[in-house]
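The block underneath contains the structure these notes are about, expressed in structure tokens.
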Amino acid sequence: MAFVKNIVIAGLGGQGIVKASDILADAALRAGFDVKKSELHGMSQRGGSVTSDVRYGERVLSPMVPPGEADVLLVLEETQVAINRPLLAADGVLIGPDIIAPGALRNRKSLNVAMLGALSAVLELPETAWVQAIHANLAEKLHALNEQSFALGRDAAVKGAVGQ
Amino acid sequence: MTERLLLSGDEAVALGALHAGVRLGTGYPGTPSTEILEEFDRLGGRAQWSPNEKVALEVGIGSAFGGARTLVTMKHVGLNVAADALFTATYTDVEGGLVIVSADDPGMASSQNEQDNRHFARAAGAPMLEPSCSQEAYDFTRLAFDLSERWKIPVILRLTTRICHAKTVITPQPPVQGLREPSFRRDIPARVMIPAFAKPAHHRLRAKLAAIAEWNEAQGPLRIDEPERAADSPAKAGSPQGRQGRAPLGIVASGVAAVHAREAAPDARQLTIGLTWPLPLERIRAFADGVDRLLVIEEGDPLLVESLRGAGIGAEGKPEMYRFGELNVARVRRIIAGDRTPEPAPPVGKPPELCPGCSHRGVFEVLRDLDCIVAGDIGCYTLGVLPPFSAMDTCVCMGASIGVGLGLRHILPEEQARRVVSVIGDSTFVHSGLTGLAEMVYNPPPTGHVVLIVDNGTTAMTGQQEHPGTGRALDRSPTEQIRFEVVAEAMGVQNIHIVDAPRSGQTGAQQLEQLLRTLLAKSETSLVIAREPCVLAAPKIRLYEKAAAELRQPSSCAADIAD
Ligand SMILES: Cc1ncc(C[n+]2csc(CCOP(=O)(O)OP(=O)(O)O)c2C)c(N)n1
Ligand code: SF4
């Protein structure tokens, strides 16, 4: 099958997992790829485990990342790392929340976008696509804060040589 | 460049409906269907929540009889509620297209069962379309209206959770033009289903289905993918030899299972069916003739495979273990391999629980402490079944709390009967609790009964939708509010109390506890309404109320003058 990139974003309800996957999928769309993303949501209540699958490439078929085939597993909450690890491919990259230094973020709510910044260091999506996607998916008053968080996450990943 | 949009299946249906010229969308919230009407409203369409799915469909039937294209949305179990209307609506002639969305939930991400609503198409005689991605959700919505109008028949668009909530890329088409304006045209034999008219109407229905089957054979939405022998020589795919040669494996599939199958078996020849009822059996037969092994990949019940076998097409289905839960690429690979070994357990995450500060918490602490036998219902409050409350003993379907509670009261020994309480949410009460209340008044058990409405001012479970008890319509504009205490009084309930839902572990609990003790000791019928807004919805409710108050200001002046 033609090239498909598989990313799973995991964390707890209320952390903005779905928003993060919306931004990632939108960035891939803007970069000209076919994209599918999927997660199970429905329960309003907060706090349960959430995972969201994003796949992009020339042509994507199933909207779900098959277990053990994620190229990247991005986890926003330490307790969710172990349970989701089986989703990762043998040569896949795990990015955990420890990549963002405690206290580094001006607002902890933008952790999801900071993690996308870290993710951007291992995906080949153009920076403009990311910025446009962040703008399109967040209210204007949040743009500056989230762009900062994104840059912070990206730097952290580059310095930490994630995926090398 | 053509416009490319990344839409969920639900959003794609809403856009498709808008572009198909839908005049009215009705429905009742239910995961995974809820976002369709919300999006249709956001896009500028006219959408409204009904008290339940049956009413939504009835309003839809009327609208379609009046000549308007009409969309009715619900989750799979909603179609059970609407089934009475559906099974006779198919006998009638609709004037404007009538499309019913059934959003099924294989795997029960957020449902009480995983029933397969493809059965309804067969049982009610309704054509059914099943998209496999958002593009098809958009295209099939538009097609459904065309088919519905051409044959004057309600059409079911069946989605599943992974179609509703997955986002995939779509390219929209220009909206339809030149639909006729709604206007009443009398056609008594086609719309009044007394036996004299219903008998010929049933024959007409079967003739319509036969004609639609013929259309499906000739030009129904159906795709054949040729084997992709090698990923690096795509030119071969679909080549004339490929098309004529026999394929070792042929797959027949529909819905999201079709894309899983295509990914799992790129080397198979695959037939993906869009209009899955009535089936294009001759096209399937021709496909079957060109393959050595014919395998049906379907989620849920073995319906498609049984239909093919019934038509004499030798098809192989999946082992029984794959009837349960959703399919995915890994499971389809196992089905193809005939693998019946136990599957690896999926990761067990942290289950959902009532939000911190949720108003249901305090109520369930009281019910637990009183050791009540709780006939429960469906909504966020169903989580009262889990620790630390463990205070729910039954939960079957929406509204069942009242009937089940009454049944227990009738039959249990007195000391147990006196502990039975029916607990029901506000949205659920309007949906299907009113008739339960009538039953309580009409056939009161010897020990009486206590119904407790946990009124948090919203349909929280499905993402905070309005309902007739909130005083706001789908678009949050103010409308008449049904007051439960007034309804209960009119029905003849003997004791009616409104209390604040207690804060978890706080003093309000004593008040509710005392009240319940008193009512449980009486042999009378009682309704307790415990009020406290859902903490997630409360800030928004305050905003809506403020907006409504501002709106009322000038208009109430005008009313004064008019008086
Ligand atoms: C027939 C049917 N329609 C829809 C649903 C989806 N659903 C489950 S509970 C519920 C309503 C919940 O609202 P409410 O009773 O007010 O309780 P809350 O979640 O606010 O606590 C809905 C719409 C369903 N399970 N069955
Ligand atoms: S969404 Fe509202 S009703 Fe549901 S658990 Fe949270 S606070 Fe409670």
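The listed protein sequences derive, respectively, from chains E and B.
If you use this note's numbering, the first sequence corresponds to residues 4 to 167, in order.
If you use this note's numbering, the second sequence corresponds to residues 617 to 1179, in order.
All residues carry an ideal CB built from backbone N, CA and C; glycine is no exception.
Ligand 2 heavy atom lying under 7 Å from the CB of Val1151 (chain B): Indeed, a heavy atom of ligand 2 lies less than 7 Å from the Cβ.
Nearest candidate by alpha-carbon position, reference Lys39 (chain E), set B:Ser764, B:Val875, B:Leu714: Answer by Cα proximity: B:Val875.
Proximal residues to Ala1153 (chain B) (C-beta, below 8 Å), its chain only, five neighbours per side dropped: Excluding five sequence positions before and after Ala1153 (chain B), the CB atoms of its chain that fall closer than 8 Å to its own CB belong to Asn1072, Gly1073, Thr1074, Ala1076, Gln1080, given in chain order.
Through-space distance from Met118 (chain E) to Asn110 (chain E), alpha-carbon basis: Each residue's Cα considered, the two are about 13 Å apart.
Beta-carbon neighbours of Gly965 (chain B), restricted to chain E and to distances below 9 Å: Within chain E, the residues near Gly965 (chain B) are Ala13, Leu15, Gly51, Ser52, Val53, Thr54, Gln83, Ile86, Asn87.
Heavy atom of ligand 2 within 7 Å of Ala817 (chain B) beta-carbon: Exclusion of Ala817 (chain B) from the 7 Å shell around ligand 2 follows from its C-beta lying no nearer than that to any non-hydrogen atom of the ligand.
C-beta neighbour in chain B for Ala28 (chain E), strict 8 Å: The C-beta of Ala28 (chain E) comes closer than 8 Å to at least one C-beta of chain B.
Distance cut-off 7 Å: Val7 (chain E) Cβ against heavy atoms of ligand 1: Outside the cutoff, so no.
For Met724 (chain B): DSSP bridge partner residues: DSSP lists no partner for Met724 (chain B).
C-beta neighbour in chain B for Ser123 (chain E), strict 8 Å: So, not an interface residue.
Ligand 3 heavy atom lying under 7 Å from the CB of Tyr997 (chain B): Inclusion of ligand 3 in the displayed structure is not the case, the ligand content consisting of ligand 1 and ligand 2 alone.
7 Å Cβ shell around Arg33 (chain E) - same chain, five flanking residues per side excluded: Excluding residues up to 5 positions away in sequence, Ala132, Gln135, Ala136 lie with their Cβ nearer than 7 Å to the Cβ of Arg33 (chain E) in the same chain.
is_contact[Pro105 (chain E), chain B] using C-beta, thresh 8 Å: Interface annotation, Pro105 (chain E): not in contact with chain B, CB-CB separation never under 8 Å.
Within 8 Å of chain E by C-beta, residues of the stretch 928-949 of chain B in sequence order: If the cut-off is 8 Å between Cβ atoms, the stretch 928-949 of chain B has Asn944, Val945, Ala946 near chain E.
Beta-carbon spacing of His1026 (chain B), Thr1141 (chain B) below 8 Å: No.
Cross-chain neighbours of Leu114 (chain E) in chain B, by beta carbon under 8 Å: Within 8 Å Cβ-Cβ: nothing; Leu114 (chain E) doesn't reach chain B, min ~18 Å.
Completely contained alpha helix (DSSP H) runs for the stretch 660-699 of chain B, where each covers 4 or more residues: The DSSP assignment places complete alpha helix (DSSP H) segments of no fewer than 4 residues inside the stretch 660-699 of chain B at 669-681, in order along the chain.
Limits of the alpha helix (DSSP H) - the one that Asn9 (chain E) falls within: Per DSSP, Asn9 (chain E) belongs to no alpha helix (DSSP H); it is in the beta strand (DSSP E), 7-15.
Distance cut-off 7 Å: Ser41 (chain E) Cβ against heavy atoms of ligand 1: Checking every heavy atom of ligand 1 against the Cβ of Ser41 (chain E), none is found closer than 7 Å.
Residue range of the unbroken alpha helix (DSSP H) whose run includes Asp29 (chain E): Where Asp29 (chain E) is concerned, the enclosing alpha helix (DSSP H) stretches over 20-33.
Reference Arg1225 (chain B), options B:Ala1106, B:Thr647, B:Leu920, B:Ala701, closest by Cα: What the structure shows of chain B is the stretch from 617 to 1179, and residue 1225 (chain B) is not part of that stretch, so it cannot be assessed.
Cutoff 8 Å: Ala725 (chain B) Cβ touching any chain E Cβ: Closer than 8 Å: yes.
Close beta carbons around Lys701 (chain B), own chain, < 7 Å, minus the five adjacent residues each side: Reading the sequence as shown, one finds Ala at residue 701 (chain B) and not Lys. Lys670, Leu673, Glu674, Ile677.
Check: Leu970 (chain B) C-beta below 7 Å from any heavy atom of ligand 2: Yes - ligand 2 has a heavy atom lying nearer than 7 Å to the Cβ of Leu970 (chain B).
Within chain B, the residues that Val38 (chain E) reaches when beta carbons sit closer than 9 Å: Simply Leu622, Lys783, Thr784, Val785.
Any chain E beta carbon closer than 8 Å to Arg1088 (chain B): By this cut-off, Arg1088 (chain B) is not an interface position.
Neighbour flag for Leu126 (chain E) against chain C, beta carbons, 8 Å: Given the protein chain composition of this structure (E and B), no chain C is represented.
Members of the stretch 964-992 of chain B that neighbour chain E once the beta carbon cut-off is set at 9 Å: If the cut-off is 9 Å between Cβ atoms, the stretch 964-992 of chain B has Val964, Gly965, Lys966, Pro967, Pro968, Glu969, Leu970, Cys971, Pro972, Cys974 near chain E.
Backbone secondary structure at Leu155 (chain E) - three-state DSSP: Secondary structure at Leu155 (chain E): helix, using DSSP grouped into helix, strand and coil.
Neighbourhood of Asp987 (chain B) by C-beta, 8 Å cutoff - its chain only, sequence neighbours within 5 removed: Closer than 8 Å at Cβ, skipping near neighbours: Arg1035.
Local conformation of Thr784 (chain B) per DSSP, three classes: Secondary structure of Thr784 (chain B) (DSSP, three-state): strand.
With 16 other Cβ atoms within 10 Å as the buried cut-off, status of Arg758 (chain B): Its Cβ being crowded by 16 or more others within 10 Å, Arg758 (chain B) is buried.
Positions along the stretch 62-73 of chain E whose CB lies within less than 7 Å of some CB in chain B: Answer set for the stretch 62-73 of chain E: Leu64, Ser65, Pro66, Met67, Pro69, Pro70.
Alpha carbon of Gln151 (chain E) to alpha carbon of Val21 (chain E), nearest angstrom: Each residue's alpha carbon lies about 20 Å from the other.
Closer than 8 Å to chain E by CB, His876 (chain B): Using a Cβ-Cβ cut-off of 8 Å, His876 (chain B) counts as an interface residue toward chain E, since at least one Cβ of chain E sits closer than that to its own.
Proximal residues of chain B, C-beta to C-beta of Glu42 (chain E) below 9 Å: Residues of chain B passing the Cβ test: His781, Ala782.
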